[in-house]
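Here's the structure, in structure tokens; my notes come after.
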Amino acid sequence: MPSPLPPWRQSHPGWRMSWGFIEGARMTHSRIRRRSTLALIGMAALAALTLSACSSSATPAASPSSSASAEKVTLGDPAKLKLVKDGELTVHVDDPVWSPWFIDNKPENGKGFESALTYAVADKLGFTKDQVKWGYTAFAASFTPGPKNFDLYTQEVSITDERAKAVSFSDPYYVSRSVVITKDNSPALEAKSVADLAKYRFGTVAGTTQDSYITQTIKPQDVLSFDTVALSTQALENGQVDAIVVDLQIGQNVVLNQFKDLKIAGLLKDNGVSKGMGFVFDLNSPLVPYVDEALAELRDDGTIDKLEKEWLPLPEQVQEYTQ
């Protein structure tokens, strides 16, 4: 029997997980759109996974919307911060959340890179752990135009120039890589370059930076578009597509813990779309420079490096595709 949902999830009864690494599934019909034909493939009652996207730069650069952080601020006094609710730091995520960013689908437990980092930032800002309140916002809604009901949002959200027109971002706290995943007996394993990949059918999730990479850089002749990473991964497992592109850490979790017949085929080079992962804020939020200062201190004191080593270990030797 699944464990009870925490209070912040109980207002979203449609979200119940049941697929392998998740504990329930959103009971809605998901649509698969095939770009190369007019065919539509229906799928129902499948899991929703977090979306993510990354770049390949070695060092995070300043986000396009965080220039205000150049002004020095003083941390440790939550009373001077403009918050959704006084005395509390309201942090939203999608549901479900994915390892290794969060563990056991419980962002409040402090386990996983983004959960642990959020609490470290909150501590720098002057909040206790009990003053951090978790809530729900769908991933895509976190960076669409309009007012937000969270102080900050975290779920492997890539900083892009386009998204920064609608919301503000912190400085990037992690820069990752994207990987190609395929079956362990797939001909796609023979690909050595991005050009070689173009002849295979790819599954993608519309609106993600991986989708941009597939359509703008790989440019395969055949692409199936899915609503979630879960659906694209299941399509790969079912043989509907030859390969998918996902975040490195999510890819490792998939091949090591979920689908033993799937394999990381190779690392992709940066295509310039993503500038790394950052916290999301309401547009022009005055909280941004405070979080940027907290991140700077956590990087300087070695906390972020320690969290990366604990939660985001690098994979064993994997090829990197040439162009």
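Everything in the sequence shown is counted per full-length UniProt numbering, starting at 1 for the first residue and increasing by one.
Note that CB positions come from ideal geometry on N, CA and C, so glycine has one too.
Nothing here was measured: the structure is a model prediction, and the numbers come from that model.
Out of S225, K199, T90 and K183, which one is the CA nearest neighbour of Q210?
S225
- Task: Please classify Y153: does DSSP put it in a helix, a strand, or coil?
- Result: In the structure shown, Y153 sits in a strand (DSSP, three-state: E or B).
- CA-CA distance, I244 and N284? For I244 and N284, the distance between alpha carbons rounds to 35 Å.
*Helix, strand or coil at A79 [DSSP, three-state]*: helix
Margin query: Quick check on the burial criterion: 16 or more other C-beta atoms within 10 angstroms. Buried or exposed for A265?
Written below: buried
_Less than 8 Å between the C-beta atoms of F169 and V255, yes or no?_
no
Check your understanding: So D151 packs on L312, CB below 8 Å; how close in whole Å?
Key -> Going by Cβ atoms, the distance from D151 to L312 rounds to 24 Å, so no, they are not a contact pair.
Among residues of its own chain, excluding the 5 on either side of V291, which ones have a beta-carbon nearer than 7 Å to its beta-carbon? V121, L152, S170 and F279
**Message:** What does DSSP give as the partner residue(s) for V180 in the beta ladder?
**Reply:** V245 and G266
- Query: Is the beta carbon of A198 less than 8 Å from the beta carbon of Q216?
  - Reply: no
*asked:* Along the chain, where does the alpha helix (DSSP H) containing F113 start, and where does it finish?
replied: F113 to L125
Own chain, CB closer than 6 Å to Y174, minus 5 neighbours either side, in chain order = M277
* Asked: Looking only at C-alpha atoms, which of N185, G203 and V180 sits nearest to V194?
  -> V180
Problem - Sheet register partners of F281 (DSSP bridge) - result: F281 pairs with S168.
Q. Does the Cβ of L314 have 16 or more other Cβ atoms within 10 Å, making it buried, or fewer, making it exposed?
A. exposed
For this session: Report the three-state DSSP secondary structure of F202 (helix, strand or coil).
Result: strand
Three CB pairs or more closer than 8 Å across the stretch 105 to 116 and the stretch 159 to 167:
Here the stretch 105 to 116 does not lie against the stretch 159 to 167, with fewer than 3 beta-carbon pairs under 8 Å apart.
Item to complete: Could you round the C-beta distance between T228 and I214 to whole angstroms and report it? I think they count as a contact, below 8 Å.
Response: Actually they do not touch by this definition, with Cβ atoms about 16 Å apart.
Only counting runs of 4 or more residues, tell me where the alpha helix (DSSP H) segments fall wholly within the stretch 278 to 323, in order along the chain. 288 to 300 and 303 to 311
How far does the beta strand (DSSP E) with V93 in it extend, from its first residue to its last? In the DSSP annotation of this structure, the continuous segment of the beta strand (DSSP E) that includes V93 starts and ends at L89 to V93.
Margin query: For K124 and V93, what's the separation of their Cα atoms in angstroms?
Written below: 20 Å
If distances are taken between C-alpha atoms only, which option among T182, T322 and D184 comes closest to D270?
T322
F102 and E114 - do their beta-carbons sit closer together than 8 Å? yes
**Item:** G135 - partner residues in DSSP beta bridges
**Value:** H92
Which word fits D242, buried or exposed, when buried means at least 16 other C-beta atoms lie within 10 angstroms of its C-beta? buried
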